[in-house]
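Residue numbers (the numbering used here), protein chains in the order written: chain W, 1 to 113; chain S, 1 to 112.
C-beta: ideal position from N, C-alpha, C; glycine also.
Note that the structure is predicted; figures quoted are calculated from it, not measured.
The structure under discussion appears below in the form of structure tokens.
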């Protein structure tokens, strides 16, 4: 069935360091891969997404890479700041069919000042 | 503010009871998704509606049901509630079967 694995479950970095979160999806038909940031008690918010026709996408300090062959995608945050501390979820879906998001289990990122 | 409105924000009820959670999608969005978030299960997809029709179903219990009305708002009905149903229930919407999904602020359900 559809499954998204996410690692690590927790990540602690020093302010200014980089953080990398990795995900693997099972459904080869997946073509849309968003990343959501969720602060404690709040709703998930999209921070970046990538589609299967692109290998990499950047937005300021955030970048996402996709390896379709290996069914891996990763989130890279550079120059981390304390306000980056949150839970990050990767997800995979099939756009044009249902677009239901299958989420990874989340990564709790703690950026130490 | 995502434009997706969920009511109520908090709900406390007893085991065995039935509750209804309501979601108003962003203006113009035709797709509505329901997710359950509990501490040990992450964000679990429950069900999706597109323009009034059920589009996809996840691991939704038989005690749970949902519908999308002609004005595109959606309701999630949870019956015969159990302690384990306590969770944060999110609604999300998107324009169609693709693109960014915007989440509401969630309904925190506590079953006692």
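Review point. What residues from chain S crowd round residue 48 of chain W, counting only those whose CB sits closer than 8 Å?
Key: Residues of chain S passing the Cβ test: none, with the nearest at roughly 11 Å.
Pair within 7 Å by beta-carbon distance, residue 87 of chain S and residue 48 of chain S: no
Quiz item: Looking only at C-alpha atoms, which of S:93, S:20 and S:6 sits nearest to residue 51 of chain S?
Solution: The option with the nearest alpha carbon to residue 51 of chain S is S:93.
_Range of the contiguous beta strand (DSSP E) that encloses residue 72 of chain W_ = 72-77
- Item | CB-CB length for residue 5 of chain S against residue 31 of chain S, believed under 8 Å | No, residue 5 of chain S and residue 31 of chain S are not in contact; Cβ-Cβ is about 16 Å, not under 8 Å.
Taking 7 Å as the CB-CB limit, is residue 55 of chain S close to chain W? yes
Interfacial residues, the region 54-86 of chain W to chain S, with Cβ spacing under 9 Å: none
Problem set entry | Cβ-based neighbour list, residue 57 of chain S, same chain, cut-off 7 Å, excluding 5 preceding and 5 following | Contacts found: 47.
Looking only at its chain, what residues have a beta carbon closer than 8 Å to the beta carbon of residue 104 of chain W, apart from the 5 residues adjacent to it on each side? 4, 5, 6, 23, 89, 90 and 91
Let's test the definition: count the other Cβ atoms within 10 Å of the Cβ of residue 19 of chain W and tell me whether it reaches 16, buried, or not, exposed.
buried
Let me check understanding here. Comparing Cα to Cα, which of S:70, S:3 and S:34 lies closest to residue 99 of chain W?
S:34
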